[in-house]
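A short worksheet on the structure shown next.
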Amino acid sequence: MFEGEIIDKIQYAINESKDIQKKAQRKNSFQGSEVSVSITSGDHFALALNMLFVNMKGMDILLVIFCLFALIFWGSGLPVYALVFLGMAVFCILYMLFLAYAKSAAHVAGSKAGFGFSQYGLFVKDKSGYMCVDWKNLRARNARRHIFFYYSTFGALIIPKRDLSGAQLETINSFINNFELEKKTSKRKN
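Residue numbers for the sequence shown follow my numbering, beginning at 13 and rising by one.
Below you can see the structure in the form of structure tokens.
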């Protein structure tokens, strides 16, 4: 049903992830709309940036605090302290960019991933069959170039929009809207 080869690292992460194992069920078959996409290291970089800068609000708050302290000390005539706090903010940003790059470099570029959309949930195909994550355990973020499906704070599946036809994108967006996946908060209860 799904075409292409699944990235071995994605399969390993799905099989070994305690987050997705708590929320997904192994299924023998799939009925619904399917999507096959190529996942590049740039896609993984976008996912990591999204998780670090968008999904983790605590880091954003920390950066704002560092910048505010830098402004306060600068305005108080203490430029050395202002530069220290500004340096900490820059260090945090560079460190997160390094983490995003390291995550993306670990993945093979141009591999295929198979996803399925049904009323039961989001299906992911791997060598062992299908994993189904119920819609109640997912939240979505529809970015400019990607669609991210979060199954935990640090776990997400990525679908690049460049590989989607208009009908496929419309189907995915209808599932996101029907199950209100963009309106959900990041904290889940099972």
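C-beta atoms are modelled at their ideal positions from N, C-alpha and C, and glycine is treated no differently.
Here the structure is a predicted model, which means the values were calculated and not measured.
Does the pairing of the stretch 101-118 with the stretch 55-67 give three or more beta-carbon distances under 8 Å?
-> yes
How would you write the range of the beta strand (DSSP E) that Q37 sits in, first residue to last?
-> Here the question's residue 37 lines up with position 25 in the sequence shown. Start and end: 36-39.
In whole angstroms, what separates the C-alpha of D175 from that of V136?
-> On the sequence shown, position 163 is the one that residue 175 refers to. On the sequence shown, position 124 is the one that residue 136 refers to. C-alpha separation (whole angstroms): 17 Å.
Out of curiosity, what's the CA-to-CA distance linking G141 and L169?
-> Here residue 141 corresponds to residue number 129 of the sequence shown, with the count starting at 1. Here residue 169 corresponds to residue number 157 of the sequence shown, with the count starting at 1. In a straight line, the C-alpha of G141 is about 17 Å away from that of L169.
Compute the Euclidean distance between the alpha carbons of R153 and G89, then round it to the nearest angstrom.
-> For the purposes of this step, residue 153 is taken as the residue at position 141 of the sequence shown. For the purposes of this step, residue 89 is taken as the residue at position 77 of the sequence shown. Spanning the two alpha carbons is a distance of roughly 43 Å.
Can you find a C-beta in chain C that's less than 9 Å from the C-beta of G99?
-> You won't find chain C in this structure, because it holds only one protein chain.
For the alpha helix (DSSP H) that contains K137, what are its first and last residues?
-> Working through the sequence shown from its first residue, we reach residue 137 at position 125. Element bounds for K137: not the alpha helix (DSSP H) but the beta strand (DSSP E), 133-138.
Taking the Cβ atom as the reference point for each residue, do G54 and F129 lie within a distance shorter than 9 Å?
-> In the sequence shown, residue 54 corresponds to position 42, counting from 1. In the sequence shown, residue 129 corresponds to position 117, counting from 1. In this structure, F129 does not lie closer than 9 Å to G54 by Cβ.
Top-ranked residue by Cα proximity to Q131, from F85, L95, T183, D72 | The residue labelled residue 131 in the question sits at position 119 within the sequence shown. Out of F85, L95, T183, D72, T183 has the C-alpha closest to the C-alpha of Q131.
How is R174 classed by DSSP in three states: helix, strand or coil?
-> Here residue 174 refers to the residue found at position 162 when the sequence shown is read from its first residue. Reduced to three states, the DSSP call for R174 is helix.
How far does the alpha helix (DSSP H) with M108 in it reach, from first residue to last?
-> Taking the first residue of the sequence shown as position 1, residue 108 is located at position 96. Counting along the chain, the alpha helix (DSSP H) containing M108 begins and ends at 91-117.
Short Cβ contact (9 Å threshold) for I171 with F187 | Taking the first residue of the sequence shown as position 1, residue 171 is located at position 159. Taking the first residue of the sequence shown as position 1, residue 187 is located at position 175. It is not a contact, given that the beta carbons lie outside the stated cut-off.
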